[in-house]
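The structure appears right after this line, and notes come after that.
Protein chains: 2
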Amino acid sequence: MKRFALILAAALCAGLTAGAQQALYGGPGVESPVINEDGTVTFRYQAPKAVKVEVTGDFMPAQKVEVEFNGQKISYDAPGVGELKEGKGGVWEYTTPFVVAPDLYNYTFRVDGNTVIDPHNMWVNRDVASLTSVLLVPAEGERSDLYAIHRVPHGTVSKVWYNSATAGFDRRLTVYTPAGYETSKAKYPVLYVLHGIGGDEDAWVTQGRATQILDNLIARGEAKPMIVVFTNGNISQEAAPGENSTGYVRPTMSLPQTMEGTFETAFPEIVKFIDSRYRTLSGKQNRAVCGLSMGGFHTLYLSLNYPDMFGYSGMFSAAIGVNDPSVSKIYQDFDKKLAKYFAGKPSLLWIGCGNTDFLWQANLDFKKKLDDNGFKYTFMETEGGHIWKNWRIYLSEFVPLIFK
Amino acid sequence: MKRFALILAAALCAGLTAGAQQALYGGPGVESPVINEDGTVTFRYQAPKAVKVEVTGDFMPAQKVEVEFNGQKISYDAPGVGELKEGKGGVWEYTTPFVVAPDLYNYTFRVDGNTVIDPHNMWVNRDVASLTSVLLVPAEGERSDLYAIHRVPHGTVSKVWYNSATAGFDRRLTVYTPAGYETSKAKYPVLYVLHGIGGDEDAWVTQGRATQILDNLIARGEAKPMIVVFTNGNISQEAAPGENSTGYVRPTMSLPQTMEGTFETAFPEIVKFIDSRYRTLSGKQNRAVCGLSMGGFHTLYLSLNYPDMFGYSGMFSAAIGVNDPSVSKIYQDFDKKLAKYFAGKPSLLWIGCGNTDFLWQANLDFKKKLDDNGFKYTFMETEGGHIWKNWRIYLSEFVPLIFK
């Protein structure tokens, strides 16, 4: 019996000495967040000395905000704010006055103006230079069930480096090989998935839940087993912030070499690497590309400039019309390239956008151009703006349609 | 030019709408942490309403703490605490009165008793159920340079699932294949690396910087290219917390099936899987195992129970003598198994422990037993206690010695 006390003591000490977090990280009685039986969610924050504690995140109804930028008025949807009330022991609390629909959310507290994550929730996502706490509300039969991890066969998720002749150094990709790939001799189709500005090769896997979506859709028989490649769209970057040789440097939203043509020019390097490293099926009918925001922009120009490369293209809240054609050949002769692309009879051009997205009008304009020319495409309108909630929807709609 | 303004506006909006973090996450003027030119480090925290702000972490000199546990007095080293002083704009600040030696550190703030990470530092590690902010002080020629990412060939790091007949479900491993593995036809030796209680298959990769250590040692020619397998030592767990089908459940320090023999009994499943999935060299001279704390305990009993499996064993701050032999055959006939193990002429038994570790005496006792029997081993004593700082040292000492 003495031995068992010692095990416990050892465990306790290990926790205390390994950074002294376990015992100190908030009171053990404070639970946050809590999904209540009626579907509301309670958030708690312990701060006896605080004057004001708020919670904000994409689980709250959006509110319109207008800012001025370079003389232009820009209106966008910002998440609403819930005010916590102080209770016993300095524990502040807020329960949503509404049922929080099944989905994956990000939230943060604002404590006297300082934005902090939930100290009682160790699940976080990094978005550019900030962290947010993660709340997953899954429900069987709902789309968010695709974002949860189930006991289904799991693909392998690898961080793989390729040599970029354009960059002059090794760069990192995230590669998903579907369950069964390693024990099979079959060849697989490949989907390339591109992130937005400020993102990297990790973004779709963390915020986007892409590997869960793939595992679950394939397990249900709703998607073909496929290799999925998550690229890093900033050619000047070796890998995601913190994962490259510049060390723990604070990331910035926009890096050089993101939307000036280099990524698209250098893209065949990546396809060549993937085709040499993995058992891939050849031909455009076995290659797809999709991306969000800047990645939707990249998707468009990759599709137009390499009309024989991709049979399936998915533009998610694509940043259409924000580029200066003069910076690169990649962005020139748009209409000519568009006609050539459609002459190549692509299997699918899929466009999704939120109807309050600041890029909504640009996407409608592009839609009109396609209509005017009689070009075929699939269009999905969703509620809301330029948010991950929409991009997860689009990915889970797009993936079942490709390689069929 | 209008288009470029639009790009910026788009980027700005994307940041604001994707969770509203970028602009809100602390003031842009607050930088923390800052490594100063004189080698000291400054920490800052913005909290105009706070009464007391402290910083604590393993960069601070340790202080002795004594607690009573089950009637026993337990003394351990806890990190010291630095008190921040409030300055302009409610920005609190603390500069270490000492040079912070090159190493990887974890730290947190305590704001009026609430432990929070540094809101201006997005680099975090999870340790069981809490997060800490990360500070890496690298310096050329110092050991911590091994923990930094350099422009050297990088191995592939994969999350791979194997079917465990013992568990009755799929379980996750982290697998490192060295640079060149995928383009070579050669077979490679395999090192198995085990975590401590409360850890998982991610721990050595996040807190332990193991893949950086491997990349750098191999690039320097100081270690042989090898496959490295990071297991999950809790057989009842599919994968790391948050990465398994139980969802975002708060992790606990100790799970069932960690130190009662199941992990060791089931270990040949993992070796069999790795040997079937990867191009591995066979025989104990091509297989090594090491682990920290509970993983050192596992290393010991794997070595004793499978004397033909591993030619190299590394026990890092091993939890020796904390188990009850009656719970499993794995822990019985210790002396007999020890003699048989050494009769098998292992190439290396490597033991490392900190001289203020609560397991120091247990490791000295084991050392004496080895001496009394004339068994050969290598022993490394370091300063400090049961901390990652030591485990990174031990890994970087052990790896160059194996497969030679």
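Just so you know, the sequences run in chain order A and B. Sequential numbering of the first sequence, starting at 1, is according to my numbering. Sequential numbering of the second sequence, starting at 1001, is according to my numbering. Cβ coordinates follow ideal geometry from the N, Cα and C atoms, glycine included.
Does the beta-carbon distance from residue i to residue j come in below 8 Å?
i, j, result
"B:GLY1242", "B:VAL1128", "no"
"B:LEU1292", "B:PHE1267", "no"
"B:LEU1348", "B:ILE1402", "yes"
"A:VAL67", "A:ILE74", "yes"
"A:TYR107", "A:THR56", "yes"
"A:ILE274", "A:VAL190", "yes"
"A:ALA101", "A:ASP77", "no"
"B:GLY1344", "B:PRO1307", "yes"
"B:GLU1083", "B:GLU1037", "no"
"A:THR132", "A:VAL124", "yes"
"A:LEU302", "A:VAL289", "yes"
"A:GLY295", "A:LEU194", "yes"
"A:LYS185", "A:THR280", "no"
"B:THR1231", "B:TYR1192", "yes"
"A:ARG287", "A:GLY311", "yes"
"B:ALA1139", "B:ASP1200", "no"
"A:ASP202", "A:LYS389", "no"
"A:PRO346", "A:SER313", "yes"
"A:THR166", "A:PHE98", "no"
"B:VAL1091", "B:VAL1030", "yes"
"A:PHE297", "A:ALA319", "yes"
"A:TYR94", "A:ARG392", "no"
"A:PHE358", "A:LYS367", "no"
"A:HIS150", "B:SER1245", "yes"
"A:THR252", "A:VAL205", "no"
"B:MET1309", "B:LYS1284", "yes"
Let me check you understand the geometry: is the CB of residue i closer than 7 Å to at least one non-hydrogen atom of the ligand ADP?
i, result
"B:TYR1176", "The ligand ADP is not part of this structure, which contains no ligands at all."
So what does residue i bridge to, in DSSP terms?
i, result
"B:PRO1111", "For clarity, residue 1111 of chain B is Val in the given sequence; the question names Pro instead. For B:VAL1111, which the question treats as bridged, DSSP gives the partners B:VAL1053, B:ASN1114."
"A:SER130", "A:ASP127"
"A:LEU349", "A:SER313"
"A:GLY354", "A:THR382"
"B:ASP1103", "B:VAL1137"
"B:PHE1230", "B:THR1174, B:VAL1193"
Beta carbons nearer than 9 Å to chain A: which residues of the region 1109–1128 of chain B have them? Of all residues in the region 1109–1128 of chain B, ARG1110, VAL1111, ASP1112, GLY1113, ASN1114, THR1115, VAL1116, ILE1117, PRO1119, HIS1120, ASN1121, MET1122, TRP1123, VAL1124, ASN1125, ARG1126, ASP1127, VAL1128 have a Cβ within less than 9 Å of some Cβ in chain A.
Looking at chain A, which residues of the region 1165–1178 of chain B have a Cβ within less than 8 Å of any of its Cβ atoms? Cβ contacts with chain A: PHE1169, ASP1170, ARG1172.
Against chain A: residues of the region 1219–1250 of chain B by CB proximity under 9 Å: If the cut-off is 9 Å between Cβ atoms, the region 1219–1250 of chain B has GLU1238, ALA1239, PRO1241, GLY1242, GLU1243, ASN1244, SER1245, THR1246, GLY1247, TYR1248, ARG1250 near chain A.
On the three-pair Cβ rule with 8 Å, is the region 1160–1169 of chain B touching the region 1206–1218 of chain B? No, they do not touch.
In chain order, which beta strand (DSSP E) runs of at least 3 residues are fully inside the region 135–190 of chain A? 156–164, 169–177
Could you name each continuous beta strand (DSSP E) segment of 3 residues or more that falls completely within the region 1023–1100 of chain B, going from the start of the chain to the end? Within the region 1023–1100 of chain B, the complete beta strand (DSSP E) segments of 3 residues or longer fall at 1041–1046, 1053–1057, 1062–1069, 1072–1079, 1081–1083, 1091–1095, listed in chain order.
Can you confirm whether the region 32–46 of chain A touches the region 118–126 of chain A when touching is taken to mean that 3 or more C-beta pairs between the two stretches lie within less than 8 Å? yes
Entirely enclosed beta strand (DSSP E) segments - the region 364–404 of chain A, minimum 3 residues: 378–382
By the 8 Å beta-carbon criterion, what residues does the region 1262–1279 of chain B contribute toward chain A? ARG1277
The region 1030–1044 of chain B contacting the region 1353–1361 of chain B, beta-carbon criterion three pairs below 8 Å: no
Would you be able to state if there are at least three C-beta pairs under 8 Å between the region 222–237 of chain A and the region 169–185 of chain A? yes
Listed from N- to C-terminal order along the chain, which residues in the region 183–214 of chain A have their beta-carbon within a distance smaller than 7 Å of any beta-carbon of chain B? GLY196, ILE197, GLY198
Those runs of the alpha helix (DSSP H) which lie wholly inside the region 1267–1345 of chain B and span at least 4 residues: 1294–1305, 1334–1343
Residues of the region 1286–1320 of chain B whose Cβ lies closer than 7 Å to any Cβ of chain A, in chain order: SER1293, ALA1319
Do the region 1323–1330 of chain B and the region 1259–1266 of chain B touch if we need at least three Cβ pairs shorter than 8 Å? yes
Contact set between the region 1126–1150 of chain B and chain A, restricted to residues whose Cβ is under 9 Å from the partner: ARG1126, ASP1127, VAL1128, ALA1129, SER1130, LEU1131, THR1132, VAL1134, LEU1135, LEU1136, PRO1138, ALA1148, ILE1149, HIS1150
Taking a Cβ distance cut-off of 8 Å, strictly less, list which residues of the region 353–373 of chain A are near chain B, in chain order. PHE358, LEU359
Under 9 Å (Cβ pairs) to chain A, residues found in the region 1041–1054 of chain B: The residues in question are TYR1045, GLN1046, ALA1047, PRO1048, LYS1049, ALA1050, VAL1051, LYS1052.
For the region 153–165 of chain A, which residues have a CB atom closer than 8 Å to at least one CB atom of chain B, in sequence order? PRO153, HIS154, THR156, VAL157, SER158, LYS159, VAL160, TRP161
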